[in-house]
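Notes follow once the structure below has been shown.
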Amino acid sequence: MSIQYKINQAITAQQFVELLAKTTLGARRPIDNTETIEAMLKHANLLITAWQGEALVGVARSVTDFAFCCYLSDLAVDESVQASGIGKTLIRMTKEALQSKCSLILLSAPQAVAYYPKIGFTQHNSAWVLTNIDDLK
């Protein structure tokens, strides 16, 4: 399997949705909302993609300042090619695009919680999420 990696190569919302649908991440992303998917792609400032021929088989989508922190919001690899090193390469290329002291931060999908410690991530016990402004007191 020959995989080609690209940095900040634009992808369409349709390509992104088709890939997400081939992963467990698809269930937790708004794949039926094109406007949101387009905004997710437009406002990400680091996008690493993996291609098998013309097929998009992996993506690492991040929001970062490149110096202090990088939030790796989406790491998705087509289930048909998982366990072949694509995800790890996407993470490595993301980290290499950052300054050396920049922290790479992500929220794990439930199915991947055991994966990240195996490849060198350390768990942080105080992440917090606010999705609804009405919950702010």
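Quick note on this note's numbering: the sequence shown kicks off at 4 and runs consecutively. All C-beta atoms, glycine included, are put in the ideal place defined by N, C-alpha and C. From a predicted model like this one, the values you see are computed outputs, not experimental measurements.
In this structure L59 is in contact with T52, their Cβ atoms being roughly 6 angstroms apart against a cut-off of 8 angstroms. Judged by their CB atoms, L78 and G90 are nearer to each other than the 8 angstroms cut-off. Judged by DSSP secondary structure, Q55 falls within the beta strand (DSSP E) whose first and last residues are 49-55.
The secondary-structure analysis by DSSP pairs I108 across a beta bridge with Y74.
The DSSP-derived three-state label of V84 is helix.
The beta carbons of F19 and L44 sit closer together than 8 angstroms.
Taken through DSSP and simplified to helix, strand or coil, K98 comes out as helix. Within the DSSP bridge table, the entry for K9 names T52 as partners. In the three-state scheme derived from DSSP, where H, G and I count as helix and E and B as strand, L23 is classed as helix.
Annotated three-state conformation of T67 is strand, per DSSP. When DSSP states are grouped into helix, strand and coil, L133 belongs to the coil group. Beta-carbon to beta-carbon, S65 and A47 are separated by about 6 angstroms, close enough to satisfy the 8 angstroms threshold.
In this structure I14 does not touch M96 by the C-beta definition: roughly 15 angstroms separates them, more than the 8 angstroms allowed.
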